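Each residue of the sequence shown is one higher than the one before, counting from 26 in the numbering used here.
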Amino acid sequence: MLLHIVFGQASKPVLAAAFELDEKLSGEILCFEDDLSVGPLFILDTKDGQSNRHQWWQQLAGLQPQPVAAAAEETAPPAEEEPWADAELAKQLKALLKAEPEQEVWIWAGQNARDVCGYYWLVSQLYDFAGRIHIIYLNNLPFLNEKNAVFYPTHLHQILPKEFLKAKKLARPVSLAEFELDGDEWHRLMNENAGIRLLEGGKKIKGEPAVHYDKELLQQSTKEFQKAAKVVGQVTGKLKYPVLDQYLAWRLKELIKEGQLESRGELKTMKDFEVKLPGGGEEASAEQPAEPAAE
26 MLLHIVFGQA SKPVLAAAFE LDEKLSGEIL CFEDDLSVGP LFILDTKDGQ SNRHQWWQQL
86 AGLQPQPVAA AAEETAPPAE EEPWADAELA KQLKALLKAE PEQEVWIWAG QNARDVCGYY
146 WLVSQLYDFA GRIHIIYLNN LPFLNEKNAV FYPTHLHQIL PKEFLKAKKL ARPVSLAEFE
206 LDGDEWHRLM NENAGIRLLE GGKKIKGEPA VHYDKELLQQ STKEFQKAAK VVGQVTGKLK
266 YPVLDQYLAW RLKELIKEGQ LESRGELKTM KDFEVKLPGG GEEASAEQPA EPAAE
């Protein structure tokens, strides 16, 4: 039985539905959740790097970042447990491949930075299993939508289940050269440690500073308060490749800290606060709370 790998929960339902159309495609789906196209990657192959990234995600979620040691004390997991869930899942995958010599893996990747970065991260760890790891990269390929019109999906969840039967023909083993080159690319991404990573075409990832979308966020802000979620939505609606909403909401908080935006409400999720450009009407200013911005 095949083991399918996807990056993000949204890809699971459509792929699972395709299994009902073709038994040969059927198998277990393993889902990696972390969006490696955003945030810190430095030494992510170590527990320190994973701890740093875990705390960054807490910050994005509107939680006060806590040392992993403190979190471990509270939840009391096994001492050897990885601080990041995907790292533990990768360990389980490698253990399975060692225990089951006939097990084959199909990695599904759409034409987006999240899937490509996830592929680089995963393939860098699977060199010992060359010949059993396959890639299906839907790079600039036409598919049919519900109206039988041709379109070019960027994400797996945009594809109809029946179209996966066509896509499966693209499965091919990751070559030894790819294991080496793509493994090197992952280490380059870790060392570069850019704030955000964008797909330029093919499998080429370009790192940009964390402030890359700040200009767009400021352009969508006005002199009157708007929900942070509205500002984020206006920015993502103009992008060819979507960026994680949580990431843009975090950038809004950073702009507030820098004094480039003003806020009211709790600086937790983007539904909890509003933003505006400094200045504006007296009414807006009167409603501005005197509390300092949250950390």
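Glycine residues also receive a C-beta, built at the ideal position from the N, C-alpha and C atoms. This one's a predicted model, so the numbers in the text were calculated from it and none came from an experiment.
Residues of the same chain with a CB within less than 6 Å of the CB of Leu61, apart from the 5 flanking positions on each side, are Cys142, Gly143, Trp146 in chain order. Residue environment: Glu249 is assigned as exposed (fewer than 16 neighbouring CB atoms within 10 Å of its CB, all protein chains considered). Beta-bridge analysis with DSSP links Gln251 to Val300. Here the alpha carbon of Phe32 sits roughly 6 Å from the alpha carbon of Glu58. Of the candidates Ile158, Ile160, Leu46, Lys301, Lys301 places its Cα closest to the Cα of Leu243. By the neighbour-count criterion, in which 16 or more other beta carbons inside 10 Å mark a residue as buried, Thr247 falls on the exposed side. Between the alpha carbons of Phe44 and Val260 lies a distance of about 36 Å. Looking at Leu27, Lys282, Ala274, Lys37, the one whose alpha-carbon comes closest to that of Pro186 is Lys37. By the C-beta density criterion, Glu299 is buried, having at least 16 other C-beta atoms within 10 angstroms. Using a 10 angstroms sphere on the CB of Asp207, the tally of other CB atoms reaches 16 or more, which defines it as buried. Around the Cβ of Val268, a 10 Å sphere holds 16 or more other Cβ atoms; the residue is buried. For Tyr272, the three-state secondary structure derived from DSSP is helix. Only residues of its own chain outside the window of five on either side were considered, and among them Gln75 have a CB closer than 6 Å to the CB of Ala112, listed in chain order.
Per the C-alpha coordinates, the member of Phe154, Lys263, Ser200 positioned closest to Leu121 is Phe154. Counting only runs of 4+ residues, the alpha helix (DSSP H) found wholly inside the region 123-172 occupies 138-148, in chain order. For Phe32, the three-state secondary structure derived from DSSP is strand.
If you draw a straight line from the Cα of Leu169 to the Cα of Leu181, it comes to about 13 Å.
Assigned with DSSP and collapsed to three states, Val63 falls in strand. The continuous alpha helix (DSSP H) containing Lys72 extends over residues 72-85. The C-alpha of Trp275 is placed about 25 Å away from the C-alpha of Gly135. Here Leu114 has Leu55, Phe57 as same chain residues with Cβ atoms under 8 Å from its own Cβ, once five neighbours each way along the sequence are excluded. In the DSSP annotation of this structure, the continuous segment of the alpha helix (DSSP H) that includes Glu217 starts and ends at 201-217. Here Arg213 is exposed: its Cβ has fewer than 16 other Cβ atoms, across all protein chains shown, within 10 Å. With a 10 Å radius around the Cβ and a threshold of 16 neighbouring Cβ atoms, Gln117 comes out exposed. The alpha carbon of Glu210 has as its nearest neighbour, out of Ala192, Leu201, Val236, Ser149, the alpha carbon of Ser149.
The criterion of a C-beta distance shorter than 9 Å is satisfied by Glu233 and Ala219.
Contact between Glu53 and His29 holds, with the beta-carbon distance rounding to 7 Å and staying under 8 Å. Its Cα nearest to that of Tyr272, the residue Arg139 stands out among Gln183, Arg139, Glu171.
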